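> A single structure is presented below for examination.
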C-alpha cells in the first residue's frame, strides 16, 4: 500500500479491496481539504497538552463540493496513548456524534518528536476509515519537531 499526501488523489484502496480509478472516482467526492483555524488550533493545543504521549482526535465536518471541510474535532480522551502508539476507544465514535450537521470525516493523531509519516498501524486504521467513508482523511502532527509544528493529511492509495 502506498500513501499520498493530500490533495492529490489517484488509485485508492477501500477496505482491503483494491478498486479501479473509475470506481473510486464514483466514491470519493473530494480532492481538497479545508480546516477551520479554530479546529486546527484545538488539535495542536490538545496534542501539546499530552506531551510526549501520542494522542488522537476525530475530525468532524462535511463535504462541500470538491472540498472536505473540517469544522470541529472530538478529543479522544478515553483512548490510551504511549510514546509510540495510541488506541482509539470505539466509544469515541459515539461520543463524536452530535446533532449539529457535522459528522466524522477522518482522524488525527500525534507523532511527538517522530516527524510526520503513516506507520503500518496508521495505514491499517486509514484503510478501515476509508472502507466506511471513502473521503476520510488521516492527519498526522508532530507538535515538537525541531523545525516547528509539522502536519500532513493522508488518504490510502
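In our numbering, the protein residues as written are 19 to 175.
Idealized CB from N, CA, C, for every residue including glycine.
Since the model is a prediction, treat every value here as computed from it, not as a measurement.
(1) Looking only at its chain, what residues have a beta carbon closer than 8 Å to the beta carbon of residue 177, apart from the 5 residues adjacent to it on each side?
(2) For the segment 125-155, list the alpha helix (DSSP H) runs that are entirely contained and at least 4 residues long, ordered along the chain.
(3) Please give me, in chain order, every unbroken run of the beta strand (DSSP E) with length at least 3 that falls completely inside the segment 47-80.
(4) Between the beta-carbon of residue 120 and the beta-carbon of residue 90, is there less than 8 Å?
(5) Assign residue 162 to one of three DSSP states: helix, strand, or coil.
(6) Comparing alpha-carbon positions, which option in 140, 84, 56 lies nearest residue 92?
(7) Throw me the rounded Cβ distance for the residue 100 and residue 72 pair, which I believe falls under 8 Å.
(8) Which one of 51, 102, 66 has the shortest CA to CA distance from residue 88?
(9) For residue 98, does the three-state DSSP call read helix, strand or coil?
(10) With residue 122 and residue 78 assumed to form a contact (beta carbons below 8 Å), what rounded beta-carbon distance in angstroms separates them?
(11) Kindly indicate which residue of 103, 153, 74, 141 has the alpha-carbon position closest to the one of residue 94.
(12) Taking just the CA atoms, how far does residue 150 sit from residue 175?
Reading from the atomic positions:
(1) With the chain running from 19 to 175 in the structure shown, residue 177 is simply not present.
(2) 138-150
(3) 50-53
(4) Stepping through the chain shown from its first residue, residue 120 is reached at position 102. Stepping through the chain shown from its first residue, residue 90 is reached at position 72. In this structure, residue 90 lies closer than 8 Å to residue 120 by Cβ.
(5) Here residue 162 corresponds to residue number 144 of the chain shown, with the count starting at 1. Three-state DSSP puts residue 162 in coil, outside helix and strand.
(6) In the chain shown, residue 92 corresponds to position 74, counting from 1. It is 56.
(7) Sequence index remark: in the chain shown, residue 100 carries index 82 (1-based). Sequence index remark: in the chain shown, residue 72 carries index 54 (1-based). Confirmed, Cβ separation roughly 7 Å.
(8) Here residue 88 refers to the residue found at position 70 when the chain shown is read from its first residue. The residue with the shortest Cα to Cα distance from residue 88 is 51.
(9) Locating residue 98 in the chain shown gives position 80, counting from the first residue. DSSP places residue 98 in strand when its eight states are reduced to three.
(10) The sequence position of residue 122 within the chain shown is 104, counting from 1. The sequence position of residue 78 within the chain shown is 60, counting from 1. Yes, they are in contact, since the Cβ atoms of residue 122 and residue 78 sit about 6 Å apart, within 8 Å.
(11) Start at 1 with the first residue of the chain shown, and residue 94 comes out as number 76. The shortest C-alpha separation from residue 94 is found at 74.
(12) Locating residue 175 in the chain shown gives position 157, counting from the first residue. Locating residue 150 in the chain shown gives position 132, counting from the first residue. Whole-angstrom Cα-Cα distance: 15 Å.
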